[in-house]
Each structure stands twice: as structure tokens, then as C-alpha cells.
Amino acid sequence: MSEQRLRYRAFLSVVAATLVVALAPVIVSGLLGKVLPEALIATSDKVTTGLVTLLGTIGGLLFRQSQPIASSEPPAP
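Per the UniProt record's numbering, residue 1 is the first one in the sequence shown, and the count goes up by one each step.
Here you go:
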């Protein structure tokens, strides 16, 4: 498997993990009608923030590693 494909999979894995952690309290309280403790909601918020930071880092690496578009102008001396 190519390195670019592995990076893309890592990116998608972090997106999926972020969505699961962010939406879990909403789903549990909305569908099941249970009240969640404030500590659990705060922990979910902190984990979501960390995963979004990781997501930004992986996304930045993906875009930085991609090849630049070739321009028709010659390079500056």
C-alpha cells in the first residue's frame, strides 16, 4: 500500500473517531433519554478538541507532502 494511501486512511480514521466521540453524548441523551454527568460531557469535549487538533495536523501533513503544481514560468535566478 502506498504511503499516500496510508496517510489518507489515517486522516479518515481520525475523522471517524472525532465524529463518534463528539456525537456519542448527543445520541445517548437524545435517543435513550438519559441524562449524562457533566464530567462525561467535559471529557468528550476535551477528547474532541484533541482529535480535531490531530486531524488538522494530519491534514496539514497531507497537503504539505503533495507535489506542487508545475508552473509555466522558469524558476527565478
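Think of the CB as a built atom: it goes at the ideal place given N, C-alpha and C, for glycine as much as any other residue.
Task: Pick from L40, V21, V14 that is closest to I58, judged by C-alpha positions - done: V14
Task: Per-residue burial, T48 [other beta carbons within 10 Å of its own, 16 or more giving buried] - done: That one is buried.
Open item on the list: On the criterion of 16 or more Cβ atoms from any shown chain inside 10 Å, does L51 qualify as buried, or is it exposed?
Closed with: buried
Open item on the list: What would DSSP say about S44, mapped onto helix, strand or coil?
Closed with: In the three-state scheme derived from DSSP, where H, G and I count as helix and E and B as strand, S44 is classed as helix.
Open item on the list: Please list the terminal residues of the continuous alpha helix (DSSP H) segment that includes P37.
Closed with: Unbroken run through P37: none, as it is neither H nor E.
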